[in-house]
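Under this note's numbering, read the sequence shown as residues 4 to 326, first letter to last.
All C-beta atoms in this analysis are idealised placements derived from N, C-alpha and C, irrespective of residue type, glycine included.
Since the structure comes first, as structure tokens, the remarks are kept for the end.
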Amino acid sequence: MNTDTIGALAPLSAPGWAEAGRHLLAGLELAAADMPFELLVRDTAADPARAAAAVDELAQLGVAAVVGEYHSVVARAVAARAEALELPFLCSSAVLDALTDEPSDHVARIAPAQSHGWRIYADFLRRAGHTRIAVAAQSSAYWAAGTQILRSHLDVVELSLDGLCDDLAASRATAVLLLVGTPEPALSLIRAVREDPRLAGMLIGAPAGQPEFASWATPLGAGIPFLRYLPESLSPLGTRVEAALRDRLGEEPSFVAFEGYDTVLALAEVLRGVSWADVDIEGTRGRVTFSCPPGSVVWQWAWAPVQVVDRDPAAPERFRTLG
């Protein structure tokens with residue numbers, strides 16, 4: 004097995020969230036160049052079957068491990084194949100708690116579990132006075148899991164995407180969370196809610212982080228609280244990596260790019276023979292160690308920093324920390 008070669012998975016084309024995939028890959032590639040490792044990159048395109056086939060192909064090519072992925076349902080498929088092949092998989096950005104069905108020594112994760120981040124988001128809403136919220140969600144295991152987490156902390160009414168504004172006006176909710184894809188139907192729903200006079204003052208939220216990316220740096224994308232996995236300030240390493248990522252991307256790097264970089268840093272320790280439990284490195288966003296928190300079935304960085312932020316309506320290119 005060639006320990007200098009690792010497989011990298013990311014959604015780089017539709018229907019995957021290619022903008023997120025591009026940032027994830029930038030972080031993976033930058034760290035791999037610093038190691039150095041050779042990356043064999045495969046586009047998962049938000050397709051679990053395609054991703055599982057890519058794991059098989061990469062294993063046949065002799066990679067030492069697999070890293071990456073953004074979409075949770077895809078990451079589950081990757082984790083299942085990696086576990087079956089006894090191939091290390093360090094997931095960068097997918098947060099679904101049930102990344103595997105059974106405890107695994109081959110699968111680990113950098114991103115915080117959904118239950119951790121979304122609980123923080125629910126606490127933010129409650130502190131802001133939003134105890135009855137509406138959820139408009141597309142059908143997926145990820146959105147369903149998110150809705151259940153929110154329901155355990157808040158009074159939640161689930162609304163369909165069709166006729167959302169009418170149902171929202173009658174719901175007595177003070178906030179609506181859009182658990183949907185980007186850019187559509189997210190942007191059309193935001194526009195509809197904001198243009199409806201019955202919904203003046205309605206908070207729109209997007210806990211999954213859609214407004215993080217530059218395409219949302221517009222008045223339409225501003226004032227929408229979301230989860231961002233960055234600290235208040237970066238370490239010296241993080242500051243250096245931020246500058247290099249900016250050069251590579253041609254725009255401000257998202258937290259997803261830092262997740263990619265930290266993934267390769269942590270994996271390098273494992274490929275040197277260190278167990279997940281003994282990894283202890285200085286990452287771009289803090290010290291990275293792995294444990295198995297209560298309820299977790301994989302080795303987990305517990306936890307990456309979590310913020311609730313939005314884009315400033317007065318300057319949408321700027322972020323405001325809300326909690």
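query, result
"In terms of residue numbering, what span does the alpha helix (DSSP H) encompassing proline 239 cover?", "239-252"
"If distances are taken between C-alpha atoms only, which option among Gly253, Ala209 and Val77 comes closest to tryptophan 121?", "Ala209"
"Verify whether the separation of the beta carbon atoms of alanine 85 and valine 66 is less than 8 Å.", "no"
"Looking only at its chain, what residues have a beta carbon closer than 8 Å to the beta carbon of leucine 252, apart from the 5 residues adjacent to it on each side?", "Arg25, His26, Ala29 and Ala260"
"Give me the Cβ distance between glycine 263 and serine 95, rounded to the nearest whole Å; I'm assuming they're in contact under 8 Å.", "5 Å"
"How many whole angstroms separate the CB atoms of phenylalanine 322 and valine 312, which I take to be in contact at a CB cut-off of 8 Å?", "5 Å"
"For glutamine 278, count neighbouring C-beta atoms within 10 Å of its own C-beta (all shown protein chains included) and say buried if the count is 16 or more, exposed if not.", "The residue asked about is misnamed: residue 278 is serine in this sequence, not glutamine. By the 10 Å Cβ count, serine 278 comes out exposed."
"8 Å is my cut-off, CB to CB: does leucine 31 come that close to chain C?", "In the structure shown, chain C cannot be found, because there is only a single protein chain."
"Alanine 87 and alanine 48: beta carbons closer than 8 Å?", "no"
"Determine the burial state of glycine 241: buried for a count of at least 16 other Cβ atoms within 10 Å of its Cβ, exposed for fewer.", "buried"
"For arginine 129, name the three-state secondary structure that DSSP assigns.", "helix"
"I'd like the span of the alpha helix (DSSP H) that includes threonine 150, first residue to last.", "144-154"
"With distance defined between alpha-carbon atoms, name the residue in Ala305, Gly71 and Val301 nearest to serine 107.", "Val301"
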